[in-house]
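Here the protein sequences come in this chain order: Y and X. In case it helps, my numbering puts the first sequence at residues 590 to 950. In case it helps, my numbering puts the second sequence at residues 590 to 950. We put the CB at the ideal spot given by N, CA and C, even for glycine. This structure is a prediction, so every number in the text was calculated from the model and none was measured.
Protein chains: 2
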Amino acid sequence: MNKKQIGKQSVKFKHPPYIRGAASIVGSKEAEGPYGEYFDEVESDPTAGKDSWEAAEGKLQERAAELAISKAGCKKSDIRYIVAGDLLGQLMASSFGLMNLNIPMFGVYGACSTMGESIAIASMIAEGGFADNVLALTSSHFASAEKQFRFPNGYGTQRPKAATWTVTGSGAVVISSSCITDSTPGSFSSDNLPSKELLAEKNKVHIKGITTGKIIDYGIKDSMNMGACMAPAAGDVIVQHFIDFGMSPQQYDKIITGDLGKVGKDILLDIVKSKGYDISENYMDCGIEIYGEDQNVQAGGSGCGCSGTMLTGYILKMLQSGEWKRVLFVPTGALLSQVSFNEGDSVPGIAHAVLLERGTI
Amino acid sequence: MNKKQIGKQSVKFKHPPYIRGAASIVGSKEAEGPYGEYFDEVESDPTAGKDSWEAAEGKLQERAAELAISKAGCKKSDIRYIVAGDLLGQLMASSFGLMNLNIPMFGVYGACSTMGESIAIASMIAEGGFADNVLALTSSHFASAEKQFRFPNGYGTQRPKAATWTVTGSGAVVISSSCITDSTPGSFSSDNLPSKELLAEKNKVHIKGITTGKIIDYGIKDSMNMGACMAPAAGDVIVQHFIDFGMSPQQYDKIITGDLGKVGKDILLDIVKSKGYDISENYMDCGIEIYGEDQNVQAGGSGCGCSGTMLTGYILKMLQSGEWKRVLFVPTGALLSQVSFNEGDSVPGIAHAVLLERGTI
């Protein structure tokens, strides 16, 4: 057996799968933000032509899925599995939105870390030889999330400064198995590919490895400060990633968390620093980036769709263009439910790290 | 690359992973049923010493997990991943129940098909070389499910004959990678194992393959008749399994669905027959079996814990003893949420098939 596990909780792929196609779709508010031009599609109707917020979110997933499949140059029948999830109870957006694709499906839930979880599982399926093409996707919708987790919007509840704004959008990637091998981080090789094909293969964005997170609970109960709830989990998985891969922060062009927001960012940088790593120079958070200062979103954006759309809209384009070569993508999730909140439970966090690389570094 | 995909939606493992340890824990009602003696532990306190139904369900998961790890002869630190889920919104039982295990976690949701989904993903992780030992588990709890999906129990709502009773219980398995190879169904071989060790390896219960289900929606909206909602998905994946593996129903000792109940059973047998297969001779449904005729459960048992505890309590023991040699285990899920029900949506189904074999057939 080819063992691919390294360190305590990471995998380094021998044949790193690659991102064959990616698509993003967002709502109006996200389109008006600083990254608006990068997203593939904008849905300006909050209900996306459907009768409910949940159905609207499902529609966003369906459109992102179809666009990612098309951009990958695939037909639906080329996709062997879907790995998908969302924030809603019983994954309502994924279950109803993806039904018509008629593809075998694994539903996953990692709160807003779902894009990291779905990519991790899809990558193992592709690299393990179980599928040629796997679709990994997620979504969130401001209104379906508010309805699920918080107050009826009509109450006009005030939002504290640590609160975040749930992104309306969906991001989807087609992850495909690769024939090239990777012996050490930063170098690809192949015994049997002609040099031109090898170069083309090398220049794709590959998933070189994953570091899977544990549930981390610091006992924080403030559902309006999810950044603080998630930062410990993000710090834990990022530091473990460095240890498992024997890498230092300076070896990454960017280290990008999902939706910690302004409050969570400060906590994360402190946690990571206390463990001997300084990531402040190349750190970025999708939640802080996706909206502008003038968009009145308090600490930033959040939701599965936040890191999902920033990955497929912006991050992958920066990698594809060669602007960045190596990125650690770390979607972050707050394991919160209506019931756990009402029962006075804490909000544990989880985060999953995905090592993305383009070409030979 | 070693391709392991066969047919349209199946995987046949080259090195079939095996079930290294399994554990079941149930509530009083399940212990009083016809399979009571098979379950490992009985928790007679409906709240399991906790303050809420959800925390009680989480406690069942934690205990099943710890027992399965111990029965596998493992320490917690030997388990590389948890793949777990439950019926509750945002997987509340798994998130809170498994936190203290301190193991990297993938949360999954497939409604009551979750035991099939978690075993499928865990098996691919183990066989793909990504982990030596993976814990797959699920749970349900009568009271937490009623609270999540239906009426406050205090209302005393009448239960129609097609309704099912959510099982209180959790089932957990440790799935481990194997060094023996499988070239054709029914035969194991090894180039380098001594005959005694090979025989011991062969006699374990192996996961020989999986067939992953699609979401199937026949438009049924009756949440009190989940058997009818799930039967089409079960029929679809069972027939596809036969086609992909080139097998006939007679080649299985048992074909076992999760929780179709009495109504769903009849529909399933009809659907499968209409596609040219007769499984009536060796068919069994965990939901029909788990409670006795005198236990007032209408059409049978349901919930993730139904197939989870019947697998770990009874089915695996029948395989380990050699009573059965080959079983197709097909947990079935109804993709229902409080919100989808209130919005008048249909109840789509999904089912995942797992091919279990002991020894050389």
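Tell me which residues share the same chain as residue i and place their Cβ nearer than 6 Å to its Cβ, disregarding the 5 neighbours each side in the sequence.
i         : result
Gly930(X) : The displayed chain sequence assigns Phe, not Gly, to residue 930(X). Answer for Phe930(X): Ser812, listed in chain order.
Met694(Y) : Ile671
Glu735(Y) : Asn742
Lys592(Y) : none
Gly638(Y) : none
Thr755(Y) : Ser729, Phe731, Ala734, Ser891 and Gly892
Gly802(Y) : Ala822, Val826, Ile939, Ala940 and His941
Ile710(X) : Val672
Tyr807(Y) : Pro821
His795(X) : Pro605, Tyr607 and Glu946
Gly948(X) : Lys791 and Asn792
Run the CB neighbour count on residue i, radius 10 Å, all protein chains shown included, and call it buried at 16 or more, exposed below.
i         : result
Asp634(Y) : exposed
Ser707(X) : buried
Tyr872(X) : buried
Phe740(X) : exposed
Lys793(X) : buried
Lys648(Y) : buried
Ser683(Y) : buried
Pro749(Y) : exposed
Leu680(Y) : buried
Glu912(Y) : exposed
Thr956(X) : Residue 956(X) cannot be examined here, being either before or after the span of chain X that is shown, 590 to 950.
Tyr744(Y) : exposed
Met590(Y) : Legend: pLDDT at Met590(Y) = 46, less than 50; position of this residue unreliable, value from coordinates given subsequently. Met590(Y) should be labelled exposed.
Lys914(Y) : buried
Asn722(Y) : buried
Gly662(X) : exposed
Leu944(X) : buried
Lys785(X) : exposed
Ser599(X) : buried
Glu632(Y) : buried
Leu788(X) : exposed
Return the chain-ordered list of same chain residues with a C-beta closer than 7 Å to the C-beta of residue i, the five sequence neighbours on each side being excluded.
i         : result
Gly622(Y) : Ile879, Tyr880, Gly881 and Gln884
Leu849(Y) : Gly816, Met819, Ala820, Ala823, Leu857, Asp874, Gly876 and Thr921
Ile904(Y) : Ile845, Val916 and Phe918
Ala888(X) : Lys750, Ala751, Ala752, Thr753, Gly816, Gly850, Lys851 and Val852
Lys837(Y) : One point to set straight first is that residue 837(Y) is Ser, not Lys, in the sequence displayed. Phe831.
Asp934(X) : none
Gln927(Y) : Gln737 and Phe738
At which residues does the alpha helix (DSSP H) containing residue i begin and terminate?
i         : result
Val886(X) : That residue, Val886(X), is in no alpha helix (DSSP H); it is neither H nor E in DSSP.
Asn871(X) : Counting along the chain, Asn871(X) falls outside any alpha helix (DSSP H), and DSSP gives it neither H nor E.
Ile860(X) : Gly850 to Ser863
Ser712(Y) : Thr703 to Glu716
Thr898(X) : Cys893 to Met899
Please look up how many angstroms separate the CB atoms of residue i and residue j, rounded, as I've assumed it's under 8 Å.
i         : j         : result
Gly922(X) : Ser702(X) : 3 Å
Leu724(X) : Ala654(X) : 6 Å
Lys665(Y) : Lys797(Y) : Contact doesn't hold; Cβ gap of about 28 Å is too wide.
Gly902(X) : Asp640(X) : Between Asp640(X) and Gly902(X) the Cβ distance is about 27 Å, and since that is not below 8 Å, they are no contact.
His604(Y) : Ile769(Y) : 7 Å
Leu843(Y) : Val936(Y) : The sequence given here has Lys at residue 843(Y), not Leu. No, Lys843(Y) and Val936(Y) are not in contact; Cβ-Cβ is about 27 Å, not under 8 Å.
Val852(X) : Asn814(X) : 6 Å
Gly686(X) : Gln650(X) : 4 Å
Gly758(X) : Val615(X) : 4 Å
Kindly list the residues whose CB is nearer than 8 Å to the CB of residue i, restricted to its own chain and excluding five residues on each side of it in sequence; keep chain order.
i         : result
Lys864(Y) : Gly824 and Val828
Gly696(Y) : Ala673, Gly674, Leu680, Ser683 and Ser684
So residue i is in the beta strand (DSSP E); what residue range does that whole segment cover?
i         : result
Ala820(X) : Ala820(X) -> not in any beta strand (DSSP E); alpha helix (DSSP H) instead, spanning Met815 to Phe834.
Asn722(Y) : Asn722 to Ser729
Phe918(Y) : Arg915 to Val919
Ala940(Y) : Gly938 to Ala940
Taking CB distances under 8 Å as the criterion, tell me whether residue i reaches chain C.
i         : result
Lys601(X) : In the displayed structure, chain C is absent; the protein chains listed are Y and X.
Where the region 789-810 of chain X meets chain Y: residues whose CB sits under 7 Å from a CB there:
Thr801, Gly802, Lys803, Ile804 and Asp806
Select from the region 716-737 of chain Y all residues with a C-beta closer than 9 Å to any C-beta belonging to chain X, and list them in chain order.
Glu716, Gly717, Gly718, Phe719, Ala720, Asp721, Ser733, Lys736 and Gln737
Listed from N- to C-terminal order along the chain, which residues in the region 664-679 of chain X have their beta-carbon within a distance smaller than 8 Å of any beta-carbon of chain Y?
Arg669, Tyr670, Gly674, Leu676, Leu677, Gly678 and Gln679
Using a Cβ-Cβ cut-off of less than 7 Å, give me the residues of the region 640-651 of chain X that come near chain Y, in sequence order.
Ser641 and Glu643
Scan the region 811-826 of chain Y for residues whose Cβ lies nearer than 7 Å to a Cβ of chain X and list them as they occur along the chain.
none
Anything in the region 679-695 of chain Y with a Cβ closer than 8 Å to a Cβ of chain X? List those residues in chain order, please.
Listed by position along the chain: Gln679, Leu680, Met681, Ser684, Phe685, Leu687, Met688, Asn691, Ile692, Pro693, Met694 and Phe695.
Which residues, in chain order, does the region 860-889 of chain X contribute to contact with chain Y at a C-beta distance below 7 Å?
none
Listed from N- to C-terminal order along the chain, which residues in the region 738-753 of chain Y have their beta-carbon within a distance smaller than 8 Å of any beta-carbon of chain X?
none
Along the region 921-935 of chain X, where does the CB come closer than 7 Å to a CB of chain Y? Name the residues.
Leu924, Leu925, Ser926, Gln927, Val928, Ser929, Glu932 and Asp934
Give the residues from the region 698-716 of chain Y that approach chain X closer than 8 Å (Cβ to any Cβ), ordered along the chain.
Tyr698, Gly699, Ala700, Glu706, Ala709, Ile710, Met713, Ile714 and Glu716
May I ask you to list, following chain order, the residues of the region 759-772 of chain Y that have a beta carbon less than 9 Å from some beta carbon of chain X?
Ser766, Ser767 and Cys768
Give the residues from the region 896-909 of chain X that approach chain Y closer than 8 Å (Cβ to any Cβ), ordered along the chain.
none
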